[in-house]
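Top to bottom, those sequences are chains B and L. Counting in my numbering, the first sequence runs from 2 upward without gaps. Counting in my numbering, the second sequence runs from 2 upward without gaps. Quick reminder that beta carbons are idealized off the backbone N, C-alpha and C, glycines included. First the structure, in the form of structure tokens, and then the observations on it.
There are 2 protein chains.
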Amino acid sequence: MPALDTVLSRADANLDSSLERMFALCRIKSISTDPAYKEECARAATWLSDYLASLGFTSSVRPTPGHPMVVAHHEGAAPDAPHVLFYGHYDVQPVDPINLWETDPFEPTIKQTANGRKVITGRGTSDDKGQLLTFVEACRAFKETHGSLPVKVTILFEGEEESGSPSLKPFLEANAAELKADFALVCDTSMWDAETPAISAGLRGLVGEEIVVKAADRDLHSGYFGGAAANPIHILARILDGLHDDNGRVTLPGFYDGVEETPEDVKDSWKTLGMSDEKFLGEIGLSVPSGEKGRGVLESTWARPTAEVNGIIGGYTGDGFKTVIAAEASAKVSFRLVGKQNPDKIRESFRAYVKSKIPADCSVEFHKHGGSPAIQLPYDSALLNKAKAALSDEWPKPAVTIGMGGSIPIVGDFQKMLGMESLLAGFALSDDRIHSPNEKYELTSYHKGIRSWIRIMAALKG
Amino acid sequence: MPALDTVLSRADANLDSSLERMFALCRIKSISTDPAYKEECARAATWLSDYLASLGFTSSVRPTPGHPMVVAHHEGAAPDAPHVLFYGHYDVQPVDPINLWETDPFEPTIKQTANGRKVITGRGTSDDKGQLLTFVEACRAFKETHGSLPVKVTILFEGEEESGSPSLKPFLEANAAELKADFALVCDTSMWDAETPAISAGLRGLVGEEIVVKAADRDLHSGYFGGAAANPIHILARILDGLHDDNGRVTLPGFYDGVEETPEDVKDSWKTLGMSDEKFLGEIGLSVPSGEKGRGVLESTWARPTAEVNGIIGGYTGDGFKTVIAAEASAKVSFRLVGKQNPDKIRESFRAYVKSKIPADCSVEFHKHGGSPAIQLPYDSALLNKAKAALSDEWPKPAVTIGMGGSIPIVGDFQKMLGMESLLAGFALSDDRIHSPNEKYELTSYHKGIRSWIRIMAALKG
Numbered sequence: 002m003p004a005l006d007t008v009l010s011r012a013d014a015n016l017d018s019s020l021e022r023m024f025a026l027c028r029i030k031s032i033s034t035d036p037a038y039k040e041e042c043a044r045a046a047t048w049l050s051d052y053l054a055s056l057g058f059t060s061s062v063r064p065t066p067g068h069p070m071v072v073a074h075h076e077g078a079a080p081d082a083p084h085v086l087f088y089g090h091y092d093v094q095p096v097d098p099i100n101l102w103e104t105d106p107f108e109p110t111i112k113q114t115a116n117g118r119k120v121i122t123g124r125g126t127s128d129d130k131g132q133l134l135t136f137v138e139a140c141r142a143f144k145e146t147h148g149s150l151p152v153k154v155t156i157l158f159e160g161e162e163e164s165g166s167p168s169l170k171p172f173l174e175a176n177a178a179e180l181k182a183d184f185a186l187v188c189d190t191s192m193w194d195a196e197t198p199a200i201s202a203g204l205r206g207l208v209g210e211e212i213v214v215k216a217a218d219r220d221l222h223s224g225y226f227g228g229a230a231a232n233p234i235h236i237l238a239r240i241l242d243g244l245h246d247d248n249g250r251v252t253l254p255g256f257y258d259g260v261e262e263t264p265e266d267v268k269d270s271w272k273t274l275g276m277s278d279e280k281f282l283g284e285i286g287l288s289v290p291s292g293e294k295g296r297g298v299l300e301s302t303w304a305r306p307t308a309e310v311n312g313i314i315g316g317y318t319g320d321g322f323k324t325v326i327a328a329e330a331s332a333k334v335s336f337r338l339v340g341k342q343n344p345d346k347i348r349e350s351f352r353a354y355v356k357s358k359i360p361a362d363c364s365v366e367f368h369k370h371g372g373s374p375a376i377q378l379p380y381d382s383a384l385l386n387k388a389k390a391a392l393s394d395e396w397p398k399p400a401v402t403i404g405m406g407g408s409i410p411i412v413g414d415f416q417k418m419l420g421m422e423s424l425l426a427g428f429a430l431s432d433d434r435i436h437s438p439n440e441k442y443e444l445t446s447y448h449k450g451i452r453s454w455i456r457i458m459a460a461l462k463g
Numbered sequence: 002m003p004a005l006d007t008v009l010s011r012a013d014a015n016l017d018s019s020l021e022r023m024f025a026l027c028r029i030k031s032i033s034t035d036p037a038y039k040e041e042c043a044r045a046a047t048w049l050s051d052y053l054a055s056l057g058f059t060s061s062v063r064p065t066p067g068h069p070m071v072v073a074h075h076e077g078a079a080p081d082a083p084h085v086l087f088y089g090h091y092d093v094q095p096v097d098p099i100n101l102w103e104t105d106p107f108e109p110t111i112k113q114t115a116n117g118r119k120v121i122t123g124r125g126t127s128d129d130k131g132q133l134l135t136f137v138e139a140c141r142a143f144k145e146t147h148g149s150l151p152v153k154v155t156i157l158f159e160g161e162e163e164s165g166s167p168s169l170k171p172f173l174e175a176n177a178a179e180l181k182a183d184f185a186l187v188c189d190t191s192m193w194d195a196e197t198p199a200i201s202a203g204l205r206g207l208v209g210e211e212i213v214v215k216a217a218d219r220d221l222h223s224g225y226f227g228g229a230a231a232n233p234i235h236i237l238a239r240i241l242d243g244l245h246d247d248n249g250r251v252t253l254p255g256f257y258d259g260v261e262e263t264p265e266d267v268k269d270s271w272k273t274l275g276m277s278d279e280k281f282l283g284e285i286g287l288s289v290p291s292g293e294k295g296r297g298v299l300e301s302t303w304a305r306p307t308a309e310v311n312g313i314i315g316g317y318t319g320d321g322f323k324t325v326i327a328a329e330a331s332a333k334v335s336f337r338l339v340g341k342q343n344p345d346k347i348r349e350s351f352r353a354y355v356k357s358k359i360p361a362d363c364s365v366e367f368h369k370h371g372g373s374p375a376i377q378l379p380y381d382s383a384l385l386n387k388a389k390a391a392l393s394d395e396w397p398k399p400a401v402t403i404g405m406g407g408s409i410p411i412v413g414d415f416q417k418m419l420g421m422e423s424l425l426a427g428f429a430l431s432d433d434r435i436h437s438p439n440e441k442y443e444l445t446s447y448h449k450g451i452r453s454w455i456r457i458m459a460a461l462k463g
């Protein structure tokens, strides 16, 4: 396939300029959860739209009530070529705690690691700016060598993925005809390991809730009122502690409704991946699985639901000590869902449980932060098999089909609203520290990621 | 007693200038727990020393490894007059959350309340700058009318009371001969109510501990690691929830060692005070006693030990949501002690309990924040009875002897190190919001507080 080699070589020759583009995008502080960065989000959208237009796409920035979408179209070389919708997100997570970053999170930097690998550090390098550009740069290589793309491409970039995608559903609904394709390509996932590409078939859903427990009408001196006045931190601790039983199961009534056991053959296939609890946890400095007893880390993170407290604050948290009983305390709690767990019912059950733990003279406020059911994609399809073969050609080891602990609600929206299945392939690594200080993307992920999309697009055409 | 009336009238005439002095002292930002305010603490000490010198005291600022002490001496009119040591503290609590203050915490302001009372708002107006100046202004009135003081007075002002008084014991030890008096007067307590002065006979002790639970070596994405990696907020919630049983009792082994039941006659005398759970808690917007079941609010706050979480923080606590599993989470916990509870043993028991709850792959750090045993002063003594009579002459209702939930470790230090009992009289009110936003001191507390010390000093002389 000499034509393919030409495109791959072009991508290789482009690598330095491809990196410059990635750096430029990563310098934009498009933190979607913080209103202070609204203009930066708009700037990232414009940057992407302009770049796609320069590659010959019909591209536009589309306003939403939140951060804008970028939508771009390009015809395929042949009229009967398949039509793919490529999805990515240009928004990033906040960068705190900022003091733990070794370099400026918004000044991407190439570093050589102790084992000789080159990595690009910076917020968004992996999640998801670097990833989404792998596809754009693949398109560029095709355009520069053939003047065309092998498949018809629609691109959708959103800027609210890290804040629950509030504008996405209305946007898909209003623009269904324009966005509908034969299937979607989503690049927001990880490799199995640095040598083994992976396609994700199972995605956990997500329910986010913030609770604020309120007690006295002001902060109190714990000497005068301690032992008499309700302490909202105690109430919160009781609520959060009660979420799990001694076996690590979530205690909410009805929580496991719709959760099915993973088929044995799927679990067997995971066993062949050679992952152990020790290896999985060892990478992050831990060794003892914390979840449901008797289930391995892959099953726990890919196929079992969870409840995690993502943040908690109350009372005096500065230096030194202050003998205060706080007026209020709050926590952010998220649930990862699997199977047919219903996000609305989980939220209701959680709220009812919390209310049952609030003393008569105290109160609680709830704030909703997104909700989406789990997704199960087919473990076997023509699309999947073409993509796996293309990936296996590029990387040292054959591609594998895996589950995934994170949530990508868009995949469910594509299914329900556009009647379209997704293919989830990405080139992040589990140690990329996404959402954490010192996020990085491997130079190899970027380079071979671009080459992977070239191979996948070529395979989809045929 | 015409001489006494002269002094009282002088105090009345001085009120405006007395307020100016109090405002000047309260404008100094002497927050002892925050190193950023070190210079301000030194400035408060100098201000006080200079003022005492201007009244004829032999006064000096004494350096310590922390914030300085102020020590001042004045002879009594007669050679055989009793010798009193007056104690107060010029440091104040931090002012956060600053956004809840209605006026600048360091710009004292006189306001008229809805019920026509005049209050002075600002950090330290009640705790303890306004209180300590009641005694100084009483001395001034004596000096301006008689040129002398009825008793021999030594004054000790410290600047670390709000941060555990680390320099106090060594200072008392090094200066015992200079500081020893017949007894101590401590003005850091409250009235029973706005019409009823009170002398405090029981003081709870205090143990402060900060714990930091550490799990993974970095913040984690809860999608990838949730259900497998230890979550330090869960561990912390389990630890804190487990501190109390369903009856509100503290569960630490040995916690109640040395706790004795309050004598029935003392409890009976408290019943005559006319306090109810509803009234006590109603003032702060609550209604359900939260402590040990079956004990009223006065017993719970005066005569029973407690465990209170004063602060907690972990994970993402900003706006919006971040699906992170934190690397660490921390809490500040304090125990109020009564009877003969041993602070060191309580701390040991707490640390052993916490360690028992830490999974094998996680760790915990402890930070000590002060410790002092409870104090029980006599319910009946000549000193107490003289002071009660003097207070009863000044206020609408007779003085009462009460317990106290807070901790004033200095009282124990005076007992042990200087062999000296203390008389605890103060003019704060329970709604003064000390340690909270919008701290205030009643104008009446200040005015009649000055008059009260004039009466007490006159009574002690005879």
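Across the set 12(B), 447(B), 182(B), the C-alpha of 182(B) shows the shortest separation from the C-alpha of residue 420(B). Counting only residues of its own chain and dropping the five nearest sequence neighbours on each side, residue 209(B) has a CB closer than 6 Å to the CB of 335, 370, 371. Here the alpha carbons of residue 347(B) and residue 257(B) stand approximately 9 Å from one another. When C-beta distances to chain B are compared with 8 Å, the residues of the stretch 315 to 326 of chain L below that value are 315, 316, 317, 318, 319, 320, 321, 322, 323, 324, 325, 326, in chain order.
For residue 129(L), no CB of chain B lies under 9 Å from its own CB, so it is not counted at the interface with that chain. At a Cβ-Cβ threshold of 9 Å, residue 385(B) and residue 185(B) do not count as neighbours. Annotated as distal: residue 401(L) and residue 376(L), with beta-carbon spacing of 9 Å or more. The three-state secondary structure of residue 457(B), taken from DSSP, is helix. With respect to the C-alpha of residue 303(B), the residue from 446(L), 302(L), 125(L), 227(L) having the closest C-alpha is 227(L). Against chain L, a Cβ distance below 8 Å from residue 100(B) picks out nothing, because the smallest value is about 13 Å.
Under the three-state reduction of DSSP, residue 239(B) is assigned to helix. Look at residue 386(L) here: in three-state DSSP terms it is helix. The CB of residue 161(L) never comes closer than 8 Å to any CB in chain B; the least such distance is about 11 Å. The C-alpha of residue 199(L) is placed about 11 Å away from the C-alpha of residue 274(L). Taking a contact to require three or more Cβ pairs closer than 8 Å, the stretch 425 to 441 of chain B and the stretch 217 to 233 of chain L qualify as touching.
Taking the CA atoms as reference points, residue 19(B) sits about 9 Å from residue 447(B). For residue 116(L), no chain B residue has a Cβ inside 7 Å of its Cβ, as the nearest lies near 17 Å away.
Bridge partners of residue 197(B) according to DSSP: 194(B). Per DSSP, the continuous alpha helix (DSSP H) segment holding residue 141(L) begins and ends at 130 to 147.
Residue 403(L) is positioned such that its CB atom lies no closer than 9 Å to that of residue 16(L).
In the three-state reduction of the DSSP assignment, residue 50(L) falls in the helix class. Contact between the stretch 322 to 333 of chain B and the stretch 246 to 256 of chain L is absent, with fewer than three C-beta pairs closer than 8 Å. Secondary structure in the stretch 267 to 323 of chain L: the alpha helix (DSSP H) runs of 4 residues or longer, each lying completely within the stretch, are 278 to 283, 298 to 303 in chain order. Ranked by how close their Cα comes to the Cα of residue 189(L), the residues 175(L), 242(L), 240(L), 133(L) have 133(L) in first place. Residue 280(B) sits exposed, since fewer than 16 C-beta atoms from the chains shown fall within 10 Å of its C-beta. For residue 224(L), no beta strand (DSSP E) encloses it; the enclosing alpha helix (DSSP H) starts and ends at 223 to 226. At a cut-off of 9 Å between beta carbons, residue 427(B) makes no contact with chain L. Per DSSP, the beta-bridge partners of residue 156(B) are 73(B), 87(B). By the C-beta criterion, the stretch 70 to 86 of chain B is judged to be in contact with the stretch 42 to 53 of chain B, since at least 3 inter-stretch pairs fall below 8 Å. Look at the stretch 341 to 368 of chain L: the residues with a C-beta under 7 Å from a C-beta of chain B are 360, 361, 362. When the alpha-carbon of residue 429(B) is set against those of 225(L), 454(L), 124(L), the nearest one is in 225(L). Contact between the stretch 147 to 155 of chain B and the stretch 79 to 88 of chain B is present, with at least three C-beta pairs closer than 8 Å. Within the model, the alpha-carbon separation for residue 197(B) versus residue 124(B) is close to 24 Å. Contact between the stretch 229 to 240 of chain B and the stretch 350 to 358 of chain L is absent: fewer than three C-beta pairs spanning the two stretches fall below 8 Å. Going by DSSP, residue 175(L) is part of no beta strand (DSSP E) but of the alpha helix (DSSP H) stretching over 169 to 175.
Contact holds between the stretch 32 to 45 of chain B and the stretch 161 to 173 of chain B, because three or more Cβ pairs, one in each stretch, are under 8 Å apart.
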